[in-house]
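Visitor: The working numbering applies: residue 737 is where the sequence shown begins, and numbers increase by one.
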Amino acid sequence: KAFLPRRRKCGHRSMPNYTPATRVDSAHEDGIWSASWTAGDRLVTGSADEHLCVWSAAGERERRIRAAYVGVVSVEAHPKDEVVASNAIDCAIRCWAVDSAEAAEPSDPADPEAYAGLLSTIDAGPVECWQLAYSRDGRHIASGSQAGALNVWESESGTQVLRVETQDQFVMAVAFSPLADVVACGGVDGKVNVFDLESQKLVHRLEAHAMPIRELRFSRDGTYLFTASDDRTVNCWDAKRNYLFVQSFEGHKAWVLGLDAHPDGRTFVTGGADHTVRIWDVAGGGCVQSFDSLHADQVWATEFNDTGALLASAGEDGVVQFYKATQ
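(1) Thinking C-beta only, is D777 closer than 8 Å to A793?
(2) What span of residues does the beta strand (DSSP E) with A990 cover, start to end?
(3) Would you check if the distance between the CB atom of P752 and the CB atom of T1003 is smaller than 8 Å?
(4) With DSSP as the reference, identify every bridge partner of R800, one or two as the case may be.
(5) Give me whichever residues DSSP pairs with A828 in a beta bridge.
(6) Put A975 into one of helix, strand or coil per three-state DSSP.
(7) Look up W889 in the DSSP assignment and give the residues it is bridged to.
(8) Measure the C-alpha to C-alpha separation of L961 and G853 and round it to an integer number of angstroms.
(9) Return the chain-ordered list of same chain residues with a C-beta closer than 7 Å to the C-beta of G958, the five sequence neighbours on each side being excluded.
(10) Within the same chain, show all residues whose beta-carbon is closer than 6 Å to that of G1021, passing over the 5 residues directly before and after it, in chain order.
(11) Are the CB atoms of Y979 and L942 nearer to each other than 8 Å?
(12) Applying the criterion that 16 or more other CB atoms from any shown protein chain within 10 Å of the CB defines a buried residue, is P862 buried or exposed?
(13) Return the residue from the list L788, E796, I768 that minimises the CA-CA distance to V820.
(14) If you drop the 5 nearest sequence neighbours on each side, which residues of the same chain put their C-beta closer than 6 Å to that of G911?
(15) Is A1048 closer than 8 Å to Q1034 when the C-beta atoms are compared?
(16) Please say whether V780 and A771 have beta carbons closer to each other than 8 Å?
(17) Is it the case that the Cβ atoms of R956 and A997 are separated by a distance below 8 Å?
(18) Assess, as a yes-or-no matter, whether the stretch 798 to 811 is touched by the stretch 819 to 835 under the definition of 3 or more beta carbon pairs within less than 8 Å.
(19) Quick one: what does DSSP say R930 is sitting in, helix, strand or coil?
(20) Flag this pair as yes or no: are the beta carbons of V1024 and G1008 separated by less than 8 Å?
(21) Where does Q867 land, buried or exposed, given buried means 16+ other C-beta within 10 angstroms?
(22) Measure the alpha-carbon distance for V970 versus L933 and round it to whole angstroms.
(23) Helix, strand or coil: how does DSSP classify R1014 here?
(24) Any idea if S871 is buried or exposed, counting beta-carbon neighbours within 10 angstroms, 16 or more meaning buried?
(25) Under the rule that 16 or more other beta-carbon atoms within 10 Å means buried, what is D925, buried or exposed?
(26) Assign E1052 to one of three DSSP states: helix, strand, or coil.
(27) Under 8 Å by Cβ, that's how I've got G994 and A944 pegged, so tell me the actual separation to the nearest angstrom.
(28) In three-state DSSP terms, what is W773?
(29) Do Q936 and V907 have their C-beta atoms within less than 8 Å of each other?
(30) Can you tell me where the beta strand (DSSP E) with E781 in it begins and where it stops?
(31) Taking the alpha carbon of W973 as the reference point, which residue from K927, R1014, A1045 has its own alpha carbon closest?
(32) If you check the beta carbons only, do G767 and G1051 fall under 8 Å apart?
(33) Quick one: using the 10 Å Cβ neighbour count with 16 as the cut-off for buried, is A850 buried or exposed?
(34) How many whole angstroms separate the CB atoms of R1014 and H988, which I take to be in contact at a CB cut-off of 8 Å?
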């Protein structure tokens, strides 16, 4: 049963407000499918054009890296180091050094293993990899399978430590809890499965949505799990109370594709197939900001940096839009 959401007062703190800053048109030669901020405030974007691009916080491109010979599906930054993991349609997970001195594009792009900055490669196997997520300490990488499995590897050695069947179809989204060795996943069936990494057992199963789940994220303090779906909603679950349903957030006019939680836990951001970027008040349950004209196509990625001072959105139109927080 659903329960009434707890209304948390913000006290004297004002809700962060975001204003558009640098805009990069044609940031990639094709649609941008993923983005992630590093611990050093660099934004890394991955595209259907088979490349990664590394951007400064001011929106200047620092380098362009061929990451595969097929589209890059997912990019995920290491929680502590200037390292990113990428996954392409070839189901190879590649870890890259973001540092400028190490990550220049190679002179011979015909040899993918010669790419400067490539630290390691994990061959996940056919259809065994989609969206990526790092564990809270960076020791593990998780991904969902197009065959309905959840896979977890050691990030340095590439050794697979977990493969479990979810009894669902295509697993499209994964996220680690910041509080425990727990990983949640969701997919085309609209269900969420939560697994304990140590026991390798299913600990929760949620009938979260009636349509596919495109993205899910834990709040930075581990209190909430947010799930974004093709049903145009984001649902909120209390992870500290056995994943009880808190409330549903409605406002997008099409699929909700991108999702991230603000570091302060009071807001989260979404991007949609309706071309909009929206910021939501967790306690109030409503949309507090909407950017309706910054993108001309589906918005696949919406990402806060570690402090919440910066926000970025990217999408099928090849645009990277940066935002700055004001009070």
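Every residue gets a Cβ at the ideal spot worked out from N, C-alpha and C, and that includes glycine. Small disclaimer: the values here were computed from a predicted structure and weren't measured.
Guide: Taking the definition as stated:
(1) What you label residue 793 is simply residue 57 of the sequence shown in a count that begins at 1. What you label residue 777 is simply residue 41 of the sequence shown in a count that begins at 1. Yes; because the gap between Cβ atoms is below 8 Å, this pair is in contact.
(2) To locate residue 990, count along the sequence shown from 1; it is residue 254. No beta strand (DSSP E) holds A990; DSSP gives it neither H nor E.
(3) Counting from 1 along the sequence shown, the entry for residue 752 is found at position 16. Counting from 1 along the sequence shown, the entry for residue 1003 is found at position 267. Taking 8 Å as the Cβ cut-off, P752 and T1003 qualify as a contacting pair.
(4) Position 64 of the sequence shown holds residue 800. Beta-bridge analysis with DSSP links R800 to C789.
(5) What you label residue 828 is simply residue 92 of the sequence shown in a count that begins at 1. For A828, DSSP records a beta bridge to D859.
(6) Your numbering for residue 975 matches position 239 in the sequence shown. Of the three classes helix, strand and coil, the one that applies to A975 here is helix, per DSSP.
(7) The residue you call residue 889 lines up with position 153 of the sequence shown. W889 is bridged to I877, Q896.
(8) Taking the first residue of the sequence shown as 1, we reach residue 961 at position 225. Taking the first residue of the sequence shown as 1, we reach residue 853 at position 117. Those two C-alpha atoms are separated by around 34 Å.
(9) Residue numbering aside, residue 958 sits at position 222 when the sequence shown is read from its first letter. Contacts found: S913, P914, L915, A975.
(10) Position 285 of the sequence shown, counting from 1, holds the residue named residue 1021. Taken in chain order, the residues that qualify are Q983.
(11) Translated into positions along the sequence shown, residue 979 becomes position 243. Translated into positions along the sequence shown, residue 942 becomes position 206. Their beta carbons are under 8 Å apart, which means Y979 touches L942 by this criterion.
(12) Sequence index remark: in the sequence shown, residue 862 carries index 126 (1-based). Exposed, because fewer than 16 other Cβ atoms sit within 10 Å of the Cβ of P862.
(13) The residue you call residue 820 lines up with position 84 of the sequence shown. Measuring from the Cα of V820, the nearest candidate turns out to be L788.
(14) Here residue 911 refers to the residue found at position 175 of the sequence shown. In the sequence under discussion, the amino acid at residue 911 is Ala, which differs from the Gly named in the question. Closer than 6 Å at Cβ, skipping near neighbours: A869, A920, L952, R953, F954.
(15) To locate residue 1034, count along the sequence shown from 1; it is residue 298. To locate residue 1048, count along the sequence shown from 1; it is residue 312. With respect to A1048, Q1034 sits apart: the two C-beta atoms are not nearer than 8 Å.
(16) Position 35 of the sequence shown holds residue 771. Position 44 of the sequence shown holds residue 780. For A771 and V780, yes; Cβs fall inside 8 Å.
(17) By one-based count along the sequence shown, residue 956 stands at place 220. By one-based count along the sequence shown, residue 997 stands at place 261. Yes. Within cutoff.
(18) yes
(19) Here residue 930 corresponds to residue number 194 of the sequence shown, with the count starting at 1. Per the sequence shown, the amino acid found at residue 930 is Val instead of Arg. Of the three classes helix, strand and coil, the one that applies to V930 here is strand, per DSSP.
(20) Within the sequence shown, numbered from 1, the residue matching residue 1024 stands at position 288. Within the sequence shown, numbered from 1, the residue matching residue 1008 stands at position 272. In this structure, G1008 does not lie closer than 8 Å to V1024 by Cβ.
(21) Position 131 of the sequence shown, counted from the start, is the residue given in the question as residue 867. Buried: at least 16 other Cβ atoms inside 10 Å.
(22) Counting from 1 along the sequence shown, the entry for residue 970 is found at position 234. Counting from 1 along the sequence shown, the entry for residue 933 is found at position 197. C-alpha separation (whole angstroms): 26 Å.
(23) Sequence index remark: in the sequence shown, residue 1014 carries index 278 (1-based). Looking at R1014 - three-state DSSP - the assignment turns out to be strand.
(24) Locating residue 871 in the sequence shown gives position 135, counting from the first residue. S871 should be labelled buried.
(25) In the sequence shown, residue 925 corresponds to position 189, counting from 1. Classification for D925: buried.
(26) As a first step, residue 1052 must be located in the sequence shown, where it is residue number 316. Three-state DSSP puts E1052 in coil, outside helix and strand.
(27) Translated into positions along the sequence shown, residue 994 becomes position 258. Translated into positions along the sequence shown, residue 944 becomes position 208. Between A944 and G994 the Cβ distance is about 17 Å, and since that is not below 8 Å, they are no contact.
(28) The residue you call residue 773 lines up with position 37 of the sequence shown. Of the three classes helix, strand and coil, the one that applies to W773 here is strand, per DSSP.
(29) As a working mapping, residue 936 is identified with position 200 in the sequence shown. As a working mapping, residue 907 is identified with position 171 in the sequence shown. No. Outside cutoff.
(30) Taking the first residue of the sequence shown as position 1, residue 781 is located at position 45. Before going further, note that residue 781 is Thr rather than Glu in the sequence given. First-last of the beta strand (DSSP E) with T781: 779 to 783.
(31) Walking along the sequence shown from the start, residue 973 turns up at place 237. It is K927 whose Cα lies nearest to the Cα of W973.
(32) Here residue 767 refers to the residue found at position 31 of the sequence shown. Here residue 1051 refers to the residue found at position 315 of the sequence shown. For G767 and G1051, yes; Cβs fall inside 8 Å.
(33) Reading the sequence shown from its first residue, position 114 is the one you call residue 850. At A850 the pLDDT is 48, less than 50, meaning the model places this residue with poor confidence and gives no usable figure here.
(34) Locating residue 1014 in the sequence shown gives position 278, where the first residue counts as 1. Locating residue 988 in the sequence shown gives position 252, where the first residue counts as 1. Confirmed, Cβ separation roughly 7 Å.
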